[in-house]
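As given, the protein sequences belong to chains W, V and C, one line each in that order. Under the numbering used here, think of the first position of the first sequence as 168, with each following residue one higher. Under the numbering used here, think of the first position of the second sequence as 437, with each following residue one higher. Under the numbering used here, think of the first position of the third sequence as 930, with each following residue one higher. Quick notes on the structure that follows.
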Amino acid sequence: MTSVLRQALLIAVKDLRIESRSRQTLGLVVVLGILIVTVLGLGLGSQHMSGSAATAVLWVAYLFSGVLCFEKTMTVERQDGAMAGLLLAPLDRGVIYLGKLLSNLALMLAVAAVITPVGVLFFGFDLSAAPLAFFAILGMSMLGFAAVGTLFAAVVSSSRLQGGLLAMVVFPITLPLVIASTQLTARLSQEGQSWNGSAFAVLLAFDVIFLVASWLAFEWVIEP
Amino acid sequence: MSSAHYAITAYVIGLGLMICYGLVLWRQSRAMHRRSRGGDRR
Amino acid sequence: MSKQPTLLVRAYWAAAVLALAAAIAVVLFYTPDEVTMGPVQKIFYLHLPMAINTFFACLLVFVASIGYLWQRSLWWDDLAAAGAKVAVLLSSGVLATGMIWARSAWGQWWTWSPRLTFSLMLWLLYVVYLVVRTSVESGQRRAVVSAVYGITAFLDVPLVWLSARLMEDIHPSSVTLSGQMRVTLTLWFLPVTLMAAGLVLARFNLTRRIRERGLTMERRFHPTGMQVSQGVA
């Protein structure tokens, strides 16, 4: 068990080290996220936004920037036949999936760390009621999104990549995440609201089902 | 539009979709038959 | 390869047409109007069978996608594609009839109610399946991408349904069906299912024949590499 985690971390650390040297993707993605939040902020123009509306805005920013992150961590392996090398290594294919998932999550969290405060600033929504719950919900949503995105980035990457293909594939699958997380966060900014158990159940079920399914399917679809 | 008109429209659209698709498939199938018999080659 | 539609195929479609005619007659003359909503409630007899068949078409895509990943034969891919096309067709019908119902019953073409939201999300899931197929060059790679998506999409369906139920239901409608209505509903399943299954098989058959013809032409003219037939993806 620990060796699986260690191997996955090795892959993730490798990806992140590559990224930290060039810093191109992270910069682009963060700026894109800020731009998206700005556009929506200008367009919606409200002084005070409800919890669910703010979550939706952040979600749009996360989705678009997330997809770019997923594409990057996969195309990194396309260069110089790195994927072939990775596949030849005595690794369980599932470990490669976990490693990629971890690097995708790290990138998404890094982006979120910048975009979320910006969103809070622009829309002025009040997190003080339950800040931990808010971040926990967003974290779980990002996990589910990355689980699906990592798989499809691998599936889609070796074809002649048409722009937007990965985004188009991932968005409809992850709509339940959007619904569940916005429903959950809507209650947070209102005092005395009960916890939405069914929404949380959907979020949890999504994460579990797609983590397992993607991890299993990855082996069947990855190729040099 | 009365209630009955809405119902009729719904049936026309719902059934129409299926019937039209069936007709399209049928025509393509007929075209294939003609070609495979050595018909006009374009 | 058989050239003319066989007797079985003709008989099948004749039966489907007859069933449809009978079902239409029944809904026009036999079925009573619902007390509170009036004639528009009759949309239900078409809407529900189409919805159930959509589900089975999606299930077919799921099974065929697994079949492809397991055997790596394009036969399965062609089956999945046929299922998906019919799934989108039926889903469009479900969405359209649902919207017409909403407009007639509640005055709005669209609400984010659980049923309509679910219909929309399901429609999107499988429309994307079809668009993915046009975005990737045909062959094994397209089949792999489609198969993974086909499996994922179907696994997503229960989650889509559950999350749609989280949406506000402004107009919860509970209709109790009388005996005559139940008969009508059951009866309508026959023509709709016959047509849906028939369309899947027709589409699959056509795709297979196109593919086989392409192979035959290739084999006949291969030595010179001359391409005589129009390549069909």
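Even for Gly, the Cβ is constructed at its ideal location relative to N, Cα and C.
Practice item. Measure the C-alpha to C-alpha separation of Thr1044 of chain C and Leu235 of chain W and round it to an integer number of angstroms. Key: Along the third sequence, one-based indexing puts residue 1044 of chain C at 115. Along the first sequence, one-based indexing puts residue 235 of chain W at 68. Per the sequence presented here, residue 1044 of chain C reads as Arg, with Thr not at that position. So the two alpha carbons sit approximately 33 Å from each other.
Check your understanding: What are the start and end residues of the alpha helix (DSSP H) that includes Val388 of chain W?
Key -> As a first step, residue 388 of chain W must be located in the first sequence, where it is residue number 221. Segment Gly364 to Val388, the alpha helix (DSSP H) holding Val388 of chain W.
Exercise for review: Quickly, what does DSSP pair Gly967 of chain C with across the bridge? List them, please.
Suggested key: Residue mapping note: residue 967 of chain C aligns to position 38 of the third sequence, counting from 1. Beta-bridge pairing links Gly967 of chain C to C:Glu963.
Review point. Do Leu461 of chain V and Ala1131 of chain C come within 7 Å of each other at the CB atom, strictly closer than that value?
Key: Counting from 1 along the third sequence, the entry for residue 1131 of chain C is found at position 202. Counting from 1 along the second sequence, the entry for residue 461 of chain V is found at position 25. In contact: Ala1131 of chain C and Leu461 of chain V (Cβ atoms closer than 7 Å).
Check your understanding: If you follow the alpha helix (DSSP H) that Ser189 of chain W is part of, which residue opens it and which one closes it?
Key -> To locate residue 189 of chain W, count along the first sequence from 1; it is residue 22. For Ser189 of chain W, the enclosing alpha helix (DSSP H) stretches over residues Thr169 to Ser189.
Point to revise | Near-chain W residues of the region 1044-1065 of chain C - C-beta to any C-beta below 7 Å | key: Met1050, Leu1053, Leu1054, Val1057, Val1060, Val1061, Ser1064 and Val1065
Review point. Hey, quick one: how far does the alpha helix (DSSP H) through Leu947 of chain C stretch, first residue to last?
Key: Residue mapping note: residue 947 of chain C aligns to position 18 of the third sequence, counting from 1. Run containing Leu947 of chain C: Leu936 to Ala954, per the alpha helix (DSSP H) assignment.
Practice item. Could you tell me whether the region 1019-1034 of chain C touches the region 1071-1086 of chain C, where touching means 3 or more Cβ pairs closer than 8 Å? Key: no
**Study point:** Near-chain W residues of the region 992-1018 of chain C - C-beta to any C-beta below 7 Å
**Key:** Leu998
Exercise for review: Please classify Met468 of chain V: does DSSP put it in a helix, a strand, or coil?
Suggested key: Numbered from its first residue, the second sequence carries residue 468 of chain V at position 32. Three-state result, Met468 of chain V: helix.
Review point. Does the beta carbon of Val1089 of chain C come closer than 7 Å to any beta carbon on chain W?
Key: Looking up residue 1089 of chain C in the third sequence gives position 160. It does: the Cβ of Val1089 of chain C has a partner Cβ on chain W nearer than 7 Å.
Exercise for review: Could you tell me whether the region 947-954 of chain C touches the region 1107-1119 of chain C, where touching means 3 or more Cβ pairs closer than 8 Å?
Suggested key: yes
Review point. Hey, is the region 1045-1053 of chain C in contact with the region 958-972 of chain C, meaning 3+ C-beta pairs nearer than 8 Å?
Key: Taking a cut-off of 8 Å on C-beta distances, the region 1045-1053 of chain C does not touch the region 958-972 of chain C, as fewer than three cross pairs fall below it.
**Study point:** chain V residues whose Cβ lies nearer than 7 Å to that of Val969 of chain C
**Key:** Within the third sequence, numbered from 1, the residue matching residue 969 of chain C stands at position 40. Within 7 Å Cβ-Cβ: Ser439, Tyr442 and Ala443.
Review point. Looking at the structure shown, is Gln1000 of chain C part of a helix, part of a strand, or coil, going by DSSP?
Key: Translated into the one-based positions of the third sequence, residue 1000 of chain C becomes position 71. Helix, per DSSP.
Practice item. Please find out if some non-hydrogen atom of the ligand GTP comes closer than 6 Å to the beta-carbon of Ala380 of chain W. Key: Ligands are entirely absent from the displayed structure, and the ligand GTP is therefore not among its contents.
Check your understanding: Sorted by chain position, which residues of the same chain lie with C-beta nearer than 8 Å to Val227 of chain W's C-beta, five sequence neighbours on each side aside?
Key -> What you label residue 227 of chain W is simply residue 60 of the first sequence in a count that begins at 1. These residues qualify, in order along the chain: Ile203 and Leu207.
Check your understanding: For Leu266 of chain W, which residues of its own chain have a beta-carbon under 6 Å away from its beta-carbon, when the five flanking residues on both sides are left out?
Key -> The residue you call residue 266 of chain W lines up with position 99 of the first sequence. Leu is not the amino acid found at residue 266 of chain W; the sequence shown has Gly there. Once the five neighbours on either side are set aside, the close Cβ partners of Gly266 of chain W are Ala175, Ile178 and Ala179.
Practice item. Pick helix, strand or coil for Ile1029 of chain C, following the three-state DSSP scheme. Key: By one-based count along the third sequence, residue 1029 of chain C stands at place 100. Helix at Ile1029 of chain C.
Review point. For Asp259 of chain W, does the count of other Cβ atoms within 10 angstroms reach 16, so buried, or fall short, so exposed?
Key: Here residue 259 of chain W corresponds to residue number 92 of the first sequence, with the count starting at 1. Its Cβ having fewer than 16 others within 10 Å, Asp259 of chain W is exposed.
Review point. Pick from C:Val938, C:Leu947 and C:Ala940: whose alpha carbon is nearest that of Val1121 of chain C?
Key: Here residue 1121 of chain C is taken as the residue at index 192 of the third sequence, counted from 1. Checking every option, the nearest Cα to that of Val1121 of chain C belongs to C:Leu947.
Practice item. Take Tyr229 of chain W as the anchor and find which of W:Leu272, W:Leu383, W:Thr352 and W:Phe385 has the nearest alpha-carbon. Key: Taking the first residue of the first sequence as position 1, residue 229 of chain W is located at position 62. Comparing Cα-Cα distances from Tyr229 of chain W to each of W:Leu272, W:Leu383, W:Thr352 and W:Phe385, the minimum goes to W:Leu272.
**Study point:** Endpoints, alpha helix (DSSP H) assigned at Phe302 of chain W
**Key:** The residue given as residue 302 of chain W occupies position 135 in the first sequence. Start and end: Pro298 to Ser324.
Point to revise | Collapsed DSSP secondary structure at Pro1101 of chain C in the structure displayed | key: Your numbering for residue 1101 of chain C matches position 172 in the third sequence. Reduced to three states, the DSSP call for Pro1101 of chain C is coil.
Review point. Any beta-carbon of chain V closer than 7 Å to the one on Gly1022 of chain C?
Key: Within the third sequence, numbered from 1, the residue matching residue 1022 of chain C stands at position 93. Taking Cβ atoms only, chain V reaches closer than 7 Å to Gly1022 of chain C, which makes this a yes.
Review point. If you check the beta carbons only, do Gly450 of chain V and Leu1128 of chain C fall under 7 Å apart?
Key: Here residue 450 of chain V is taken as the residue at index 14 of the second sequence, counted from 1. Here residue 1128 of chain C is taken as the residue at index 199 of the third sequence, counted from 1. Contact: no.
Check your understanding: Do Ala1013 of chain C and Tyr1055 of chain C come within 7 Å of each other at the CB atom, strictly closer than that value?
Key -> In the third sequence, residue 1055 of chain C corresponds to position 126, counting from 1. In the third sequence, residue 1013 of chain C corresponds to position 84, counting from 1. It is a contact, given that the beta carbons lie within the stated cut-off.
Practice item. Consider the Cβ of Ala320 of chain W: report whether some Cβ of chain C lies at a distance smaller than 7 Å. Key: By one-based count along the first sequence, residue 320 of chain W stands at place 153. Chain C, which has no Cβ nearer than 7 Å to the Cβ of Ala320 of chain W, makes this no.
Review point. Given a threshold of 16 other Cβ atoms within 10 Å of its Cβ, counted over all protein chains shown, does Gly452 of chain V qualify as buried or as exposed?
Key: Start at 1 with the first residue of the second sequence, and residue 452 of chain V comes out as number 16. Exposed is the call here.
**Study point:** 8 Å contact criterion, which Leu255 of chain W and Ala314 of chain W should meet: CB distance rounded
**Key:** Residue 255 of chain W sits at position 88 when you count from the first residue of the first sequence. Residue 314 of chain W sits at position 147 when you count from the first residue of the first sequence. With 8 Å as the limit, Leu255 of chain W and Ala314 of chain W do not qualify as a contact, their Cβ atoms being about 26 Å apart.
Review point. Do Ser1020 of chain C and Leu1059 of chain C come within 7 Å of each other at the CB atom, strictly closer than that value?
Key: Residue 1059 of chain C sits at position 130 when you count from the first residue of the third sequence. Residue 1020 of chain C sits at position 91 when you count from the first residue of the third sequence. No. Outside cutoff.
Review point. If the cut is a Cβ gap below 7 Å, which residues of chain V does Arg939 of chain C touch?
Key: Position 10 of the third sequence, counted from the start, is the residue given in the question as residue 939 of chain C. Those do not exist, as Arg939 of chain C stays about 12 Å from chain V at its closest Cβ, beyond 7 Å.
Practice item. Using a Cβ-Cβ cut-off of 7 Å, state whether Val460 of chain V counts as contacting chain C. Key: Translated into positions along the second sequence, residue 460 of chain V becomes position 24. Taking 7 Å as the threshold, the shortest C-beta distance from Val460 of chain V to chain C does not fall below it.
Review point. In its own chain, which residues sit with a C-beta less than 6 Å from the C-beta of Leu351 of chain W, not counting the 5 before and 5 after it?
Key: Here the question's residue 351 of chain W lines up with position 184 in the first sequence. Within the same chain, Leu351 of chain W has close Cβ partners Ile304, Asn363 and Ala366.
Point to revise | Best match in W:Val322, W:Thr349 and W:Val345 for proximity to Val336 of chain W [C-alpha to C-alpha] | key: Counting from one through the first sequence, the residue named residue 336 of chain W turns up at place 169. The option with the nearest alpha carbon to Val336 of chain W is W:Val322.
**Study point:** Alpha carbon of Gly311 of chain W to alpha carbon of Trp942 of chain C, nearest angstrom
**Key:** If you number the first sequence from 1, residue 311 of chain W lands on position 144. If you number the third sequence from 1, residue 942 of chain C lands on position 13. Gly311 of chain W and Trp942 of chain C: Cα-Cα distance of roughly 45 Å.
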